[in-house]
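Numbering (my numbering), first residue to last: 107 to 724.
For every residue, glycine included, the Cβ atom is placed at its ideal position computed from N, Cα and C.
Because the structure is a prediction, the values reported are computed rather than measured.
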Amino acid sequence: MVRHATTKSGAGMLADLRKILDLFEGRERLGLLALLCVIVVTALAQMAGVASIMPFMALVADPTVVTRHRVLSRVYAMFHFTNMQHFVIAVGFGVLILILVNNVLSALTTWLTLRLVWNKNHSLSVRLLRKYLSQPYVYFLNCNTSDLSKNILGEVNSVITGILIPVLNALARAVMVTALIALLVVVDVRLAVTIGLGFGGAYGVIYLGVRRRQGRIGRERLHANTLRFKTAAEAFGGIKELKVTGREDHFLRRFTGPSALFSRHMANNQIVSAVPRYVMEPVAFGGALVIILLSLMAGRNVTHILPIVSLFAFAGYRMMPALQQVFLGVTSLRFNRAALHVLHADLLEPNRHPPVASVPERIALPQKGASALAFTRAIELRKVTFRYPECSTPALEGIDLVVPKNGQIALVGATGSGKTTLVDVLLGLLVPQEGQVLVDGAPVNAAMLPGWKRLVGYVPQHIFLCDDTLARNIAFGMPDDEIDMAAVERAAKIANLHEAVGSLADGYHTVVGERGVRLSGGQRQRIGIARALYNDPELIIFDEATSALDGITEAAVMEAIHNIARAKTLVMIAHRLSSVRDCDAIYMLDKGRIVQSGTYDELIGSSSVFRAMAGGAA
């Protein structure tokens, strides 16, 4: 039973080490190889430093040993010593210099290790963010974004500090321990085997006793950390409603439990890693005393046993913290392996979140400067069907729709009728399982998506604003040196925002606050409209974008939009049907299908449902 568990544990450990190696790419693997070479050189230097103790102590105990010791006699003759006392002092300084060199090499190894792993922290965070950003839009419908943030900001750090640093330190110390044991075997094989098996066996027994618990509390820590991030994100995301309802204690209670569990398991992990040292140190030094006493009781000469005891004592002094580092690395890997598995899966394993059929697993990020597609005639949706993952009923079914160049169309229907899904297909965020989206008769495929997105401006119902300036929010995602202030002002004027900005002390450099908390709802919507217009797109999609505006502001914005309407193509989802009165065509959706279409007047005359919607809106 124990043998099976040990074998299974060893296989799991090897699998974990392979996953760690998978995280390193080409040049990083060369850096890792270079570090391993430095580790081996440092271990050999440590062995030489420890080996120098034995002849030095023999020389101190009996200077005449120089005549019988092959190495000492050669050194004595090579450097032409004539005074034994001077020779002992010189050998002492030589040993000291060797120990200093060892420490310099150990410091170099530590420096190289920390540089490598913290550079890895940077590259893993960037790779993980890039991987998430390159996923299709539907990927984000299946996961919590606070969990993704937690992986980038929390679990990457857990893998670095809880796995890479301890494992590399354990590897360095394991190589050093192996070299020291090899040295001790040369001196006294029985004593070396006894010490090696004693220390190694003791740590092995302790590890076998805690490994299952380390794995369990590691998984619980990961889950608790997910709940911490999720609760904090939700609390701050809904802070206004939270303050109004006075329900702060609810989120505080939700956060307190996972936070306490997270902290308790972090402490337990460090306790398990640290405690064995306090058990093993008395055993080690007690063992050295037992060796001395047994040798004296056997009648062995102190002069004879002093060099050997000194060698084993100094080797033990070096080995004890090294063995502790090896134990810490193994237990820390066991504790943080859940974070390693999540990171490895999200970075390297396909189908981490089930994609929609026919949707690519990941998409290429838009390239800087991608040119817009040519759009001269019409955009067409032909027999488009789309079904969300794990949903049996299609959100869109058999949609046929034509958006002519410079035309204005509207999408209306009850909540859940498929309007927003249809807009997401137009935006290229969702890829239909059946049917096609065509621009001037050419199907829009993955290679054309960056150019397609340059063609489209989008104004959602709820505008996301950064805690940044008005100009940066309008030119959203543009580097400072590429922001075109003329385009910012032009877009703001069309969105009826320019005059309001002029009344602000800092104008377009005014900071709007997190999520635009310093602005009114209407101002936030107009910033969103200006953002959509910044790149002067050919197609502008309004997803109930004027629903938060008061009547006067909506009329002003719609007037500005209609002033350029014949130079732009508009698609609108409208909350108030009065805003789509002048559209060329209005499409009514129900349960993912287009059930009626026509102009405003035609639908008023032919559809009782539309008349009811128009009457309710009025």
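Check: Give the secondary structure of T251 by DSSP, where H, G and I count as helix, E and B as strand, and everything else as coil.; Outcome: helix
Check: If you count every other CB in all the chains shown that lies within 10 Å of the CB of I485, and 16 or more means buried, which is it?; Outcome: buried
Check: Rounded to whole angstroms, what's the CA-CA distance from N227 to A445? Just pull it up for me.; Outcome: 14 Å
Check: Taking its Cβ as the centre, do 16 or more other Cβ atoms sit within 10 Å of Y384, making it buried, or is it exposed?; Outcome: exposed
Check: With 16 as the cutoff for other CB atoms within 10 Å, does N551 come out buried or exposed?; Outcome: exposed
Check: Who are the near neighbours of L555 in its chain, counting only those whose CB is closer than 6 Å to its CB and skipping five residues on each side?; Outcome: G534
Check: Skipping 5 residues on each side, what residues in its chain have a beta carbon closer than 7 Å to that of M107?; Outcome: No answer about M107 holds up, because its pLDDT of 36 lies below 50 and its placement is not dependable.
Check: Can you give, in chain order, each stretch of the alpha helix (DSSP H) that sits fully within the segment 492–546 and has at least 4 residues?; Outcome: 525–532
Check: Nearest CA to the CA of D168: which residue from M184, Q191, A151, L150?; Outcome: Q191
Check: Assuming A480 contacts F492 under a Cβ cut-off of 8 Å, what Cβ separation, rounded to an integer in Å, is found between them?; Outcome: 26 Å between Cβ atoms; not a contact.
Check: Where does E131 sit, in a helix, a strand or coil, going by DSSP?; Outcome: coil
Check: Pull up the DSSP beta-bridge partners for V677, would you.; Outcome: I515, I647
Check: According to DSSP, simplified to helix, strand and coil, what is Y564?; Outcome: strand
Check: Taking C-beta to C-beta, are Q542 and R488 nearer than 8 Å?; Outcome: yes
Check: Kindly list the residues whose CB is nearer than 6 Å to the CB of A796, restricted to its own chain and excluding five residues on each side of it in sequence; keep chain order.; Outcome: There is simply no residue 796 to check, as the chain begins at 107 and stops at 724 in what is shown.
Check: Provide the residue(s) that pair with E486 in DSSP beta bridges, ordered along the chain.; Outcome: V508, L544
Check: Between the C-alpha atoms of R180 and A121, what's the straight-line distance to the nearest angstrom?; Outcome: 51 Å
Check: Who are the near neighbours of R135 in its chain, counting only those whose CB is closer than 8 Å to its CB and skipping five residues on each side?; Outcome: L127
Check: For T705, which residues in the same chain have their Cβ closer than 6 Å to its Cβ, ignoring the five residues on either side in sequence?; Outcome: none
Check: For A366, count neighbouring C-beta atoms within 10 Å of its own C-beta (all shown protein chains included) and say buried if the count is 16 or more, exposed if not.; Outcome: exposed
Check: With distance defined between alpha-carbon atoms, name the residue in Q514, G315, G363 nearest to R334.; Outcome: G363
Check: Beta-carbon separation of A720 and L683 under 8 Å?; Outcome: yes
Check: CA-CA distance, A164 and V171?; Outcome: 7 Å
Check: Suppose you measure from the CA of V448 to the CA of L202; what does that come to, to the nearest Å?; Outcome: 47 Å
Check: Taking CB distances under 8 Å as the criterion, tell me whether L289 reaches chain C.; Outcome: Here there is only one protein chain, and chain C is not present.
Check: Give me the residue from Q320, V283, R319, V316 with the minimum Cα distance to G302.; Outcome: V283
Check: Whether or not the segment 140–159 and the segment 238–250 are in contact is what I'm after, with contact meaning three or more pairs of Cβ atoms, one per stretch, closer than 8 Å; do they touch?; Outcome: no
Check: If you run the structure through DSSP and keep just helix, strand and coil, what is V701?; Outcome: strand
Check: How close, in whole Å, do the beta carbons of L645 and L561 come, if the pair is a contact with beta carbons under 8 Å?; Outcome: 6 Å
Check: Throw me the rounded Cβ distance for the I323 and N374 pair, which I believe falls under 8 Å.; Outcome: 6 Å
Check: May I ask you to list the residues that DSSP assigns as paired with M694?; Outcome: V518, Q702
Check: When the Cα atoms are used, what is the spatial distance from R174 to Y182?; Outcome: 12 Å
Check: May I have the straight-line CA-CA distance separating S714 from I515, to the nearest angstrom?; Outcome: 20 Å
Check: Are the segment 209–220 and the segment 291–298 touching by the rule of at least three beta carbon pairs closer than 8 Å?; Outcome: no
Check: To the nearest angstrom, report how far apart G634 and T527 are at their CA atoms.; Outcome: 20 Å
Check: Tell me where the alpha helix (DSSP H) around H175 begins and ends.; Outcome: Unbroken run through H175: none, as it is neither H nor E.
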